[in-house]
Amino acid sequence: TGETDTHDEL
Amino acid sequence: MNVFRLVGDLSHLLAIIMLLKKIWSSRSCAGISGKSQLLFALVFTTRYLDLFTSFISVYNTSMKVIYILCAYATVYLIYVKFKATYDHNHDTFRAEFLVVPVGGLAFLVNHDFTPLEILWTFSIYLESVAIMPQLFMISKTGEAESITSHYLFCLGGYRALYIINWLYRFYSEGFFDLIAIVAGCVQTILYCDFFYLYITKVIYGQKLSLPA
Chain A
47 TGETDTHDEL
Chain B
677 MNVFRLVGDL SHLLAIIMLL KKIWSSRSCA GISGKSQLLF ALVFTTRYLD
727 LFTSFISVYN TSMKVIYILC AYATVYLIYV KFKATYDHNH DTFRAEFLVV
777 PVGGLAFLVN HDFTPLEILW TFSIYLESVA IMPQLFMISK TGEAESITSH
827 YLFCLGGYRA LYIINWLYRF YSEGFFDLIA IVAGCVQTIL YCDFFYLYIT
877 KVIYGQKLSL PA
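Respectively, the protein sequence lines represent chains A and B.
First residue of the first sequence? That's 47 in our numbering, and the numbers climb one at a time after it.
First residue of the second sequence? That's 677 in our numbering, and the numbers climb one at a time after it.
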């Protein structure tokens, strides 16, 4: 589903 | 990183700096909802705990630090330094009606049931409604200074640009985060009424007055 474990957005 | 997210972040940064400067140079926080600023400080605190655990980029880390510092500086100016000018008679939105449901929802709907992830989810949900005390205050006072309107326009615009960023990332890299997208849409929708008034009034130099 393309969700990443670390959030790379502010 | 894409241009939509970059412009969105800069718009967010501009809003935060603009508000801080307005309060500092006018030495007054009249017309500003301290509750919304407290909620934003809470949003940044709960969202950027990963400052210590994961490094994305210098840009990411420095922006997080700037957001947190500015948020607490704004809260300090409102509740400590210029508290005599704080308009608590009009800043009466019950923030607990936002924090409690959002806290519960963060436990129920999240990507991963871990403390950091639940706090991140809490901050995403909270940010989507954190502006309500400010919009409520403007509807009570019936008007907003033009600088406050510009602040709200930049603040609302940042998440609207993030929505475009999410569309772009979905089609270009198949990335999407449904929690952030849904909350971002709710957040942007809350500004629609204000955007309409801003475009039709403030641009032409009139004072913004929400229907009381």
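Note that beta-carbon positions come from the ideal geometry of N, C-alpha and C, so glycine has one too.
It should be emphasised that the depicted structure is a prediction, and the values quoted were computed from it without experimental measurement.
Sequence-distant residues of its chain with Cβ nearer than 8 Å to residue i (five each side left out)
i	result
A/HIS53	none
B/MET808	SER712, PHE769, LEU774 and LEU866
B/THR729	LEU792
B/SER640	Because chain B in this structure spans residues 677 to 888, residue 640 of chain B falls outside the shown range and cannot be described.
B/CYS746	ILE692, ILE693 and LEU696
C-beta contact flag for residue i and residue j at 8 Å
i	j	result
B/ALA717	B/TYR827	no
B/LEU866	B/LEU802	no
B/ALA836	B/THR864	yes
B/TYR743	B/PHE720	yes
B/GLY792	B/ASP726	The amino acid occupying residue 792 of chain B in the given sequence is Leu; Gly does not appear at that position. Yes, the pair counts as a contact, with Cβ atoms nearer than the cut-off.
B/VAL805	B/VAL778	yes
B/SER855	B/ILE814	The sequence given here places Ile at residue 855 of chain B; Ser does not occur at that position. No; because the gap between Cβ atoms is not below 8 Å, this pair is not in contact.
B/PHE789	B/ILE699	no
B/PHE829	B/TYR874	yes
B/SER687	B/TYR847	no
Residue environment, residue i, which counts as buried when at least 16 other CB atoms sit within 10 Å
i	result
B/PHE773	exposed
B/LEU695	buried
B/ILE879	exposed
B/VAL734	exposed
B/ALA760	exposed
B/GLY780	exposed
B/THR797	buried
B/LEU784	exposed
A/LEU56	buried
B/TYR838	buried
B/TYR724	buried
B/SER738	exposed
B/GLY889	Nothing can be reported for residue 889 of chain B: it is not among the residues displayed for chain B, which extend from 677 to 888.
B/THR722	buried
Own chain residues within Cβ distance below 6 Å of residue i, not counting five before or after
i	result
B/VAL741	none
Residues near residue i by beta carbon distance below 7 Å, same chain, minus five either side
i	result
B/ALA782	ILE794, THR797, PHE798 and TYR801
beta-carbon residue i near the ligand MG non-hydrogen atom, thresh 7 Å
i	result
B/ALA836	Inclusion of the ligand MG in the displayed structure is not the case, the ligand content being empty and no account of it being possible.
Margin query: Closer than 8 Å is the cut-off here; do at least three beta carbon pairs connect the region 856-863 of chain B with the region 832-848 of chain B?
Written below: As far as the Cβ criterion goes, the region 856-863 of chain B touches the region 832-848 of chain B, which means the pair count is three or higher.
Margin query: For the region 868-880 of chain B against the region 696-714 of chain B, do three or more pairs of beta-carbon atoms, one drawn from each stretch, fall closer than 8 Å, so that the two count as touching?
Written below: no
Item checked: the region 820-839 of chain B contacting the region 874-886 of chain B, beta-carbon criterion three pairs below 8 Å -> yes
Note to self: Does the structure place the region 713-732 of chain B close enough to the region 747-764 of chain B that three or more beta carbon pairs sit under 8 Å?
What the structure shows: yes
Next item on the list: May I ask you to verify whether the region 677-685 of chain B touches the region 763-770 of chain B, counting CB pairs closer than 8 Å and requiring at least 3?
Entry: Result no; under three Cβ-Cβ pairs closer than 8 Å.
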